[in-house]
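Going by this note's numbering, the sequence shown opens with residue 8, and the numbers climb by one from there.
Just so you know, even glycine gets a beta-carbon here, dropped at the ideal spot from N, CA and C.
Notes for the one structure printed next.
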Amino acid sequence: MRQIIFATTNKDKVREIKEILSGLDVELIPMQEIGFEGEIEENGTTFEENAAIKAEAVAAFVKEHKPEYADAIVMADDSGLEIDAMGKMPGVLSHRWLGERTYTEAMTDIIREMKDVPEQERTARFVCSIAAVVPGHKTYTLRRTIEGTVAHEIRGEGGFGYDPFFYVPEYGCTTAEMTSEQKNAISHRGKGLRAMRDLLLFESLL
């Protein structure tokens, strides 16, 4: 069984990743379970750069402190929301942009700010870049997205983050109104993880 260490402390994200990668003969290990508790400075200007920064930081910790995980693949993602009417903000700053606000407060502020934006200009997308550090190989990165619009109200109890106001027209609902299976099938993170899985399988690394 191949071990995959995932560079995140987000419990919702870990749960989602486990669901998406279910069926593979892998053991998914959140980074805190190997004792990594340091802060990673995400100072990249793109999702790809930040994903690679996180994966490489944890991989360096493993190499120096955790020889028992020497063969493990280290993965990380960097994801966020781009709103076209806001110049693709908050983008790579999607979490830091919150400041002291909750996601609900931030979404309420955006809905208020966009109240006069016509429907055709409310386009947005979730972006996810996945990075994988494979011992003895290069760092692999890729990007996937899901297109949608900013809803006029917060809807749904599922998902997390900005899901309750990210509306997917072809499904007629927000990603927070979807079941986890529906969301994982079409989400940016689901697409990215499956693409990385397929890439690593193609390279005979999984």
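{"Query": "At least three beta-carbon pairs within less than 8 Å, the stretch 188-202 to the stretch 143-162", "Result": "yes"}
{"Query": "C-beta atoms of residue 137 and residue 65 nearer than 8 Å", "Result": "no"}
{"Query": "Residue 54 in three-state terms, based on DSSP", "Result": "helix"}
{"Query": "Beta-bridge pairing of residue 131 - partner residues as DSSP gives them", "Result": "90 and 155"}
{"Query": "Alpha carbon of residue 94 to alpha carbon of residue 48, nearest angstrom", "Result": "24 Å"}
{"Query": "Within 8 Å, strictly: CB atoms of residue 54 and residue 134", "Result": "yes"}
{"Query": "Residues near residue 96 in its chain [Cβ-Cβ closer than 8 Å; skip 5 each side]", "Result": "89, 90 and 104"}
{"Query": "Span separating the alpha-carbon of residue 214 from that of residue 80", "Result": "The question about residue 214 has no answer here: the residues shown for the chain are numbered 8 through 213."}
{"Query": "Three CB pairs or more closer than 8 Å across the stretch 112-119 and the stretch 68-83", "Result": "no"}
{"Query": "Chain-order list of residues whose beta-carbon lies under 6 Å from that of residue 173 (same chain, five-residue window excluded)", "Result": "155, 181 and 182"}
{"Query": "For residue 209: DSSP bridge partner residues", "Result": "Per DSSP, none; premise fails for residue 209."}
{"Query": "Range covered by the alpha helix (DSSP H) that runs through residue 174", "Result": "That residue, residue 174, is in no alpha helix (DSSP H); its beta strand (DSSP E) goes 173-175."}
{"Query": "Opposing strand residues paired with residue 277 [DSSP bridges]", "Result": "Nothing about residue 277 can be read from this structure; the chain reaches only from 8 to 213."}
{"Query": "For residue 74, three-class secondary structure by DSSP", "Result": "helix"}
{"Query": "For residue 81, the three-state DSSP class (helix, strand or coil)", "Result": "strand"}
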